[in-house]
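As structure tokens, the structure follows; a few thoughts come after it.
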Amino acid sequence: MAKVERLERIKGLGTPLRCYAPFDEQSDSLKKAGAKYPYIMSIKEIVNMRRKGGPLESTRTCSAPVQAKDSPNIIAMVSPLIEDLDLAKQEVQAHRYRNYFVTEDKTIYDKLYSQAEEDKTKKPEERRAIILPEKGNYLIKPDTEEAKFILGKVQRPYFDEFVKTRGLEGITFYPINEDFVNAQNGTTINYLWFRLPDDDSGLDGYWVLNYDYGAFGVLKETSKDGSQKSYSKN
């Protein structure tokens with residue numbers, strides 16, 4: 000089990016946990032240390048933490064870009080790698096050999112595509128997945144469905160405090176190269192790395208998971224203290 004550090008409690012969020020390890024070990028260690036599901040913080044929670052004086056460092060998130068040949072890019076709020084530790088181990092191993100992990104078929108992509116279609120009638124911040132309208136690097140602007148889905152209800156204050164003040168129009172999502180994806184027959188899964196504000200708050204979908212990079216979790220709490228609701232596994 001990797002070392003897990005407990006940070007100072009943040010009102011409206013809870014007690015952050017921090018761990019530096021390869022992704023599979025990191026997720027498992029945060030879970031065993033008492034982090035609530037999905038064990039690694041969502042971008043919404045990281046935004047909340049940053050706005051309330053918590054760490055600003057770049058970090059892994061629980062979300063994932065999911066891509067397939069000749070298909071639109073999808074962002075899953077909770078990564079398939081969170082749901083399946085064996086899948087996460089395969090991903091980390093692929094990264095050790097300087098490759099991306101690709102499943103044998105499009106089952107995972109098709110499932111998330113269906114979820115994204117089913118959730119279109121829900122508020123963006125309540126959806127399980129979203130289909131991006133463009134391929135390649137994609138600029139996420141304030142008040143769009145993508146911004147509300149990824150950053151949550153505080154997306155506008157985050158843009159005002161951390162993005163516009165740096166002369167930027169939005170936050171850019173950087174997927175895995177389309178040439179690589181189109182050469183595969185299965186589902187390409189990675190994860191979203193949330194850059195620190197001074198590096199544009201970008202969302203990198205092409206970084207690796209085998210290094211000891213950081214991620215945060217939120218400690219489970221049993222009392223009614225105003226902490227954010229955790230995601231359901233269903």
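Going by numbering that gives the first Met the number 0, 122 is the number at position 123 of the sequence shown; the sequence numbering is gapless. Cβ coordinates follow ideal geometry from the N, Cα and C atoms, glycine included.
- Per DSSP, reduced to three states, the secondary structure at L55 is coil, with no helix or strand assignment.
- The DSSP-derived three-state label of G13 is strand.
- In the DSSP assignment, the residues bridged to A214 are C18, R59.
- In the three-state scheme derived from DSSP, where H, G and I count as helix and E and B as strand, A67 is classed as strand.
- The C-alpha of T102 lies about 40 Å from the C-alpha of K10.
- Going by C-alpha positions, D142 is about 27 Å away from I188.
- By alpha-carbon distance to T120, the top candidate from R97, E133, D104, F148 is F148.
- A Cβ-Cβ contact shorter than 8 Å links T171 with N136.
- Contact between L191 and S26 does not hold, since their C-beta atoms are separated by about 14 Å, which reaches or exceeds 8 Å.
- Per the coordinates, the alpha-carbon of E4 lies some 6 Å from the alpha-carbon of L16.
- Taking the Cα positions, G213 is about 19 Å away from E82.
- Here the alpha carbon of I139 sits roughly 19 Å from the alpha carbon of V77.
- Judged by DSSP in its simplified three-state form, D203 adopts strand.
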